[in-house]
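Asker: Please read through the structure below; I'll follow up with questions.
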Amino acid sequence: MAKDEYAIGLDLGGTKILAGLVDRAGRIIAQKQLPTLAEEGEKAVVERVLSATYDVLSASSIDPEKVRGVGIASAGVINSAIGEVVFASNLGWRNVPIGKLIAQRFRLPVRLFNDANAAAIAEWLWGAGAGTQNMIYVTVSTGVGAGVISDGRLVCGRDGSAGEFGHISIDWNGPPCRCGNRGCLENYASGTAIENAARHKLATTYEPVTAKVISEAALAGDPFSKQLFKQAGFYLGVGAANLIYMFNPEVIVFGGGVMNASTILIPEIEKSMRERCIPGLAQEVRVVLSQIGVEAGVMGAAGGVFALDQLGEKTQNF
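According to the numbering used here, the sequence shown is numbered sequentially starting from 8.
Laid out in structure tokens, this is it:
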């Protein structure tokens, strides 16, 4: 296995497209960021994805023969077997064969990952989960999601959509969720949930009441804001306890924008989780903060190309 091999990672988000040429050590050799501009339509976004891919390929002196493939990290419902974004509300996409379109343009193998799964791969290969065989990555942002590494394999499910942790119901009689279920964890512990709780309590629709603003206030010592984050940590701990029962991990890694308030959240998550777990199962589980930041999607998507054999996956040629 050659050390001087590379992969392209693409992080396809609602506001930005981030592309990177990544080596086997997880170093980003070249990168390109473009605005998504989803309102311009599917074709325009696809062209920007192709343009960003071309730019990182041409931005270095790397021999194209040493590029093993392209990995794509995308939010929403995906079908990794056929390289298709089935539905992504942040993009306004339905049934877009992004894998096939990239493969046809660049003649490279392409692999499509859910964004939480991609971040999990990055943490497992190069971050807080390095050296483990059983790791769970939980992203807490606008929503809540998870990527699971079990016995050194990425748990993908039938078509790559495993890990919808935010839609585990923790209150069967709770409020309706956008997914159609009730009482989903995402309704209690996401950035959106924190914002909604603040606006409800303050009886306001004032736009600056965002998770970021509330986080900054909480870290500055504001009691009300701090309590909102403690409450979110409690619910995340309830969810984490369920993950321990299901997957028996060595470590649970928490990332995403909401975890900027990790000094408040992590202790609450651990407390709630350990109160709800059989001690013998919970005592060896480490709860840690992500070591890889905004580039986790790019690195994980590329890492998925490198680690397909390790992860129990097969390269897809679209």
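We treat Cβ as the ideally placed atom computed from N, Cα and C, and that holds for glycine.
Touching or not, the stretch 227-244 and the stretch 263-282, by the rule of three or more beta carbon pairs under 8 Å?
Answerer: Touching, yes.
Asker: Check the DSSP bridge columns for Trp100 and list the partner residues they point to.
Answerer: As a working mapping, residue 100 is identified with position 93 in the sequence shown. The partner list for Trp100 (beta bridge, DSSP) reads Ala95.
Asker: With a CB to CB cut of under 6 Å and the five nearest residues on each side skipped, what residues in its chain are close to Ala169?
Answerer: Indexing the sequence shown from 1 puts residue 169 at position 162. Result list for Ala169: Val162, Cys163, in chain order.
Asker: Whole beta strand (DSSP E) runs in the stretch 54-136 with 3 or more residues, listed along the chain?
Answerer: Counting whole runs of 3 or more residues, the stretch 54-136 contains the beta strand (DSSP E) stretches 74-81, 84-86, 91-95, 100-103, 117-121.
Asker: Where do the ends of the alpha helix (DSSP H) carrying Val312 lie?
Answerer: Start at 1 with the first residue of the sequence shown, and residue 312 comes out as number 305. 303-313 is the span of the alpha helix (DSSP H), which, as asked, contains Val312.
Asker: So who's on the other strand from Val260, going by DSSP bridges?
Answerer: Residue mapping note: residue 260 aligns to position 253 of the sequence shown, counting from 1. Tyr144, Val295, per the DSSP bridge assignment.
Asker: What does a CB cutoff of less than 6 Å around Leu25 pick up in its chain, not counting 5 residues either side in sequence?
Answerer: In the sequence shown, residue 25 corresponds to position 18, counting from 1. Same-chain partners within the cutoff: Asp18, Gln40, Val305.
Asker: Helix, strand or coil: how does DSSP classify Val216 here?
Answerer: Mapped onto the sequence shown, residue 216 falls at position 209. Val216: coil per DSSP, three-state reduction.
Asker: Do Cys191 and Ile378 count as a contact pair if the criterion is CB distance below 8 Å?
Answerer: Any answer about residue 378 is impossible in this case: the structure gives the chain only from 8 up to 325.
Asker: Look up Leu192 in the DSSP assignment and say whether it is helix, strand or coil.
Answerer: One-based indexing of the sequence shown puts residue 192 at position 185. Three-state result, Leu192: coil.
Asker: Determine the closest residue to Thr146 out of Gly262, Ala110, Val155, with distance taken between C-alpha atoms.
Answerer: Residue 146 sits at position 139 when you count from the first residue of the sequence shown. The option with the nearest alpha carbon to Thr146 is Gly262.
Asker: Going along the chain, which residues of its own chain have a beta-carbon closer than 6 Å to the beta-carbon of Arg112, five neighbours each way excluded?
Answerer: Counting from one through the sequence shown, the residue named residue 112 turns up at place 105. Excluding sequence neighbours, Arg112 sits near Leu57.
Asker: Assuming Ala248 contacts Cys284 under a Cβ cut-off of 8 Å, what Cβ separation, rounded to an integer in Å, is found between them?
Answerer: As a working note, residue 248 is residue 241 in the sequence shown. As a working note, residue 284 is residue 277 in the sequence shown. Contact holds; Cβ gap of about 5 Å.
Asker: To which residues of the same chain is Asp11 closer than 7 Å at the C-beta, ignoring the five residues directly before and after it?
Answerer: Position 4 of the sequence shown holds residue 11. Closer than 7 Å at Cβ, skipping near neighbours: Lys73.
Asker: Any idea which residues DSSP pairs Val29 with across the strands?
Answerer: Counted from its first residue, the sequence shown places residue 29 at position 22. According to DSSP, which records beta bridges pairwise, Val29 is partnered with Ala14, Ile35.
Asker: Could you give the distance in angstroms between the alpha-carbon of Met8 and the alpha-carbon of Ile271?
Answerer: On the sequence shown, residue 8 is found 1 positions in, with the first residue counted as 1. On the sequence shown, residue 271 is found 264 positions in, with the first residue counted as 1. At Met8 the pLDDT is 49, less than 50, meaning the model places this residue with poor confidence; the figure from the coordinates comes in the next sentence. Rounded to the nearest angstrom, the two C-alpha atoms are 43 Å apart.
Asker: In this structure, does DSSP put Ala153 in helix, strand or coil?
Answerer: Taking the sequence shown and counting its residues from 1, the one referred to as residue 153 is at position 146. Ala153 falls in the strand class under three-state DSSP.
Asker: Would you kindly report the start and end of the unbroken alpha helix (DSSP H) that includes Gln290?
Answerer: The sequence position of residue 290 within the sequence shown is 283, counting from 1. Here Gln290 belongs to no alpha helix (DSSP H), and DSSP marks it neither H nor E.
Asker: Who are the near neighbours of Ala95 in its chain, counting only those whose CB is closer than 7 Å to its CB and skipping five residues on each side?
Answerer: Counting from 1 along the sequence shown, the entry for residue 95 is found at position 88. Excluding sequence neighbours, Ala95 sits near Ser81, Ala82, Gly83.
Asker: With DSSP as the reference, label Pro274 as helix, strand or coil.
Answerer: As a working mapping, residue 274 is identified with position 267 in the sequence shown. It is helical.
Asker: Rounded to a whole number of angstroms, what is the C-alpha to C-alpha distance between Lys23 and Leu209?
Answerer: Taking the sequence shown and counting its residues from 1, one reaches residue 23 at position 16. Taking the sequence shown and counting its residues from 1, one reaches residue 209 at position 202. If I take the Cα positions, the gap works out to 32 Å.
Asker: If I follow the unbroken alpha helix (DSSP H) through Glu171, where does it start and stop?
Answerer: Position 164 of the sequence shown, counted from the first residue, corresponds to residue 171. Where Glu171 is concerned, there is no enclosing alpha helix (DSSP H), given that its DSSP letter is neither H nor E.
Asker: Are the beta-carbon atoms of Gly136 and Val265 separated by less than 8 Å?
Answerer: Taking the sequence shown and counting its residues from 1, the one referred to as residue 136 is at position 129. Taking the sequence shown and counting its residues from 1, the one referred to as residue 265 is at position 258. No, these two residues do not count as a Cβ contact at 8 Å.
Asker: Based on Cα-Cα distance, which residue from Leu132, Val312, Val63, Asn188 lies nearest to Ile36?
Answerer: Reading the sequence shown from its first residue, position 29 is the one you call residue 36. Residue Val63 is the option with its Cα nearest to Ile36.
Asker: In the DSSP assignment, what residue or residues form a beta bridge with Arg160?
Answerer: On the sequence shown, residue 160 is found 153 positions in, with the first residue counted as 1. In DSSP, Arg160 forms a bridge with Ser157.
Asker: Counting only the same chain and skipping the five closest in sequence on each side, list residues whose C-beta sits under 7 Å from that of Asp30.
Answerer: In the sequence shown, the residue the question calls residue 30 occupies position 23. The answer, listed in chain order, is Tyr13, Ile36.
Asker: Quick one: residues in its chain with C-beta nearer than 6 Å to the C-beta of Ile89, no 5 flanking neighbours on either side, listed in chain order?
Answerer: Residue 89 sits at position 82 when you count from the first residue of the sequence shown. Contacts found: none.
Asker: In angstroms, rounded to a whole number, what distance separates the CA positions of Arg184 and Gly173?
Answerer: Residue 184 sits at position 177 when you count from the first residue of the sequence shown. Residue 173 sits at position 166 when you count from the first residue of the sequence shown. The sequence shown places Cys at residue 184, not Arg. Spanning the two alpha carbons is a distance of roughly 10 Å.
Asker: Starting from Ser232 and walking both ways along the alpha helix (DSSP H), at which residues does that stretch end?
Answerer: Residue 232 sits at position 225 when you count from the first residue of the sequence shown. Per DSSP, Ser232 belongs to the alpha helix (DSSP H) from 230-254.
Asker: For Ala117, which option in Val77, Asn188, Leu108, Gly134 has the closest C-alpha, if you only look at C-alpha atoms?
Answerer: Working through the sequence shown from its first residue, we reach residue 117 at position 110. In the sequence on display, residue 117 carries Val and not Ala. Considering only alpha carbons, the answer is Val77.
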